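Worksheet: one structure, shown below.
Residue numbers (this note's numbering), protein chains in the order written: chain A, 11 to 366; chain C, 11 to 306.
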């Protein structure tokens, strides 16, 4: 697959030029891209704009952080802790002071965070997906903000400091998801392997019967319903799926970073995800992938400086006004002149008033 | 709780509630003429306060406030002229998302101009320590200013919309844009006027509440969300509903402090927003038949 080749090439390039530190940002971009491609399917194929997906990212990340930072050995009296220890679901390590501690195995916490996300997104999704247009946008925005405030205000979630010293995620033997620079290359491949797997899943979904149903829904919900497509069920399923993608991205990034903070659930992060999906083309997974990679990398490397959030806000405005189909469509991909030409076309086509 | 405590909570709730109501009325004005939810409404409030604080260094307070309102109104007009008029047939949803992006950009610009420091205007009458005793509850005279200014704004707006020609033209635009155009009303200018009005009342509200709640660069977003919740609660487009809804949410927030930890106070308004959206999106004072007929 072309993407896999590109991934390997990039790593080889990075190693050769001795700038392996960029791999860290690429890994982080990879996990964020996982969120973004899930959101692409939701926004592009079912037309539901969700400005609250950072909330799901945070649910995934915080669940795994809370679970894996609780010392089970100290809680041995509680039946749940005893259960986990007995069944080998805990990982025994030593803490910096040399004492034995045990925490929930990251595999378990990943499963738990996915389950919790599925439940929450299912419960939230049922009423939210009945809303239309800007009511849906504001409701998802509200959901994201609730998560942000809950996370910011609870001692369990570390309030403003977040949760840190999240242990690494041991996959098998020496292979683990961790921020250790010695494991950088391995982590890069792990992250992108997961992203590729996710994309393969989504592409298969889109090309299947379910995918055609989704495209029908996006084209016209009433028509799709008239043809017998269970629109409510499909919309809800995709909502939950995209939430799970976000949660997995959140959980794994938390293990990679070793910490998570309340800013990961903020509105500006959600705006960032929506902006990237929009600029890559609403229903274009490859576009979102490219743009997600590029823009997250720039942002993480710090090239955007203190104008980070403003950049994504501005991009969202420009895209929504001038390029609602995204920047990477056929007419704009031609060349730079094509970009300017389409911009001129849109500006020339304006007429009076703003009515839709 | 004692009667004095009850009154204290109630007055605090009504104060913040009237600010939310002003923001909601701003939403309603723009929604009525264009159907767009202007998420940057909260930023107008923040900008009004910030600009007045900066101007106050050079000129006396009343002049600073008046000039700040003018500047923010200009900003509102330029948002309309530069952005909202741009597109041939934008969907309303696209425009709403544009305003969300816009609020982010405005917030970042404010951060770069004014730093992250928390500032405030000086109290209009007296200072931080003056307080008036009303039946056992102690309030600052600024609270009376807030309530007074909000009441004046609401009254002036209803007079404007009912008895003046531009006001009635705007109501015509909200009823039916095409028909208004046919009557010779310049709908583009009316839309700009609605942005100017929303920005102006937002700025004024920001100035008058600044001594009590302080102003900082990210104070706009919570106001925008809560103001939207109030607007929806009262029925989108319904200004009486906005006032009622604002006072209700203000009171709920104030009394919630006696039950919930303070950190969760902001969650109340959003939860109410979600509940209303799920149960009765037309709001308390809106009619469900009318809102079902609307295109947006």
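Virtual Cβ for every residue (Gly too), placed ideally from N, Cα, C.
As the structure is a computational prediction, the values presented were derived from the model and not from experiment.
Asked	Found
Output yes or no for whether 8 Å exceeds the beta carbon distance between residue 163/C and residue 32/C.	yes
Along chain A, which residues have their Cβ under 7 Å away from the Cβ of residue 189/C?	None at all; the shortest Cβ gap to chain A is about 12 Å.
With 16 as the cutoff for other CB atoms within 10 Å, does residue 265/A come out buried or exposed?	buried
Using beta-carbon positions only, say whether residue 131/A and residue 321/A come within less than 8 Å of one another.	no
Using beta-carbon positions only, say whether residue 161/A and residue 253/A come within less than 8 Å of one another.	no
Using 7 Å as the cut-off, classify the Cβ of residue 224/A as near or not near the heavy atoms of the ligand PLP, replying yes or no.	Within the structure as shown, the ligand PLP is missing, as the structure has no ligands at all.
Just reading off the beta strand (DSSP E) that residue 48/C is part of, what are its end residues?	It is not in any beta strand (DSSP E) - residue 48/C carries neither H nor E in the DSSP assignment.
Which partner residues does residue 165/A have in the DSSP bridge list?	Looking at the DSSP assignment, residue 165/A forms no beta bridge with any residue, so it has no partner.
Thinking C-alpha only, which one of 138/A, 194/A, 273/A is nearest residue 170/A?	273/A
Could you give the first and the last residue of the continuous alpha helix (DSSP H) run that contains residue 199/C?	197-223
Candidates 258/C, 273/C, 295/C: which alpha carbon is nearest residue 282/C's?	258/C
In whole angstroms, what separates the C-alpha of residue 160/C from that of residue 61/A?	32 Å
Determine, for residue 223/C, whether the minimum Cβ-Cβ distance to residues of chain B falls below 8 Å.	Looking at the structure shown, chain B is missing, and the protein chains on hand are A and C.
With H, G and I counted as helix, E and B as strand and the rest as coil, what does DSSP make of residue 365/A?	Low confidence applies to residue 365/A: its pLDDT is 40, below 50, so where it sits in the model is not reliable, and the reading given next is rough at best. Reduced to three states, the DSSP call for residue 365/A is coil.
Taking CB distances under 8 Å as the criterion, tell me whether residue 153/A reaches chain C.	yes
At a CB-CB cut-off below 9 Å, which residues of chain A make contact with residue 81/C?	Within chain A, no residue comes near residue 81/C; the closest Cβ sits about 20 Å away, beyond 9 Å.
Along the chain, where does the alpha helix (DSSP H) that runs through residue 240/A open and close?	From DSSP, residue 240/A is part of no alpha helix (DSSP H); its letter is neither H nor E.
By Cβ distance, which residues of its chain are closer than 7 Å to residue 124/A, with the 5 residues on each side in sequence left out?	254, 257, 258
Taking the DSSP output, what are the residues bridged to residue 148/C?	143/C
I'd like to check one pair, residue 324/A with residue 111/C: are the Cβ atoms closer than 8 Å?	yes
Look at residue 148/A and residue 47/C and say whether their C-beta atoms are less than 8 Å apart.	yes
Indicate the three-state DSSP secondary structure (helix, strand or coil) for residue 129/C in the structure shown.	strand
Does the CB of residue 270/A have a neighbour CB from chain C at under 8 Å?	no
With a cut-off of 8 Å on the beta carbons, I'd call residue 224/A and residue 56/A a contact; round off their distance for me.	6 Å
Which of the residues in the stretch 246-279 of chain C, read from start to end, lie with their CB under 7 Å from any CB of chain A?	271, 273, 274, 276, 277
Which bits of chain C does residue 319/A rub up against, with CB to CB less than 7 Å?	114, 118
Below 8 Å on the Cβ atoms is my guess for residue 285/A versus residue 326/A; work out the distance and round it to an integer in Å.	4 Å
Can you list the residues of chain C that residue 149/A reaches, using a CB-CB cut of under 9 Å?	283, 284, 287, 288
Rounded to a whole number of angstroms, what is the C-alpha to C-alpha distance between residue 210/A and residue 333/A?	27 Å
How many Å lie between residue 308/A and residue 71/C at the Cα?	44 Å
Let me check understanding here. Comparing Cα to Cα, which of 17/C, 27/C, 251/C, 11/C lies closest to residue 262/C?	27/C
For residue 289/C, which residues does DSSP report across the bridge?	In the DSSP output, where bridge partners are listed per residue, residue 289/C has none listed.
So, under 8 Å CB-CB, residue 58/C and residue 217/C are touching, yes? Tell me the CB distance rounded to an integer number of Å.	5 Å
Looking at the strands, I want to know which residues DSSP matches up with residue 270/A.	173/A
For a contact defined as C-beta to C-beta under 9 Å, what are the partners of residue 199/C on chain A?	Within 9 Å Cβ-Cβ: nothing; residue 199/C doesn't reach chain A, min ~11 Å.
For a quick check, are the C-beta atoms of residue 287/A and residue 46/A less than 8 Å apart?	yes
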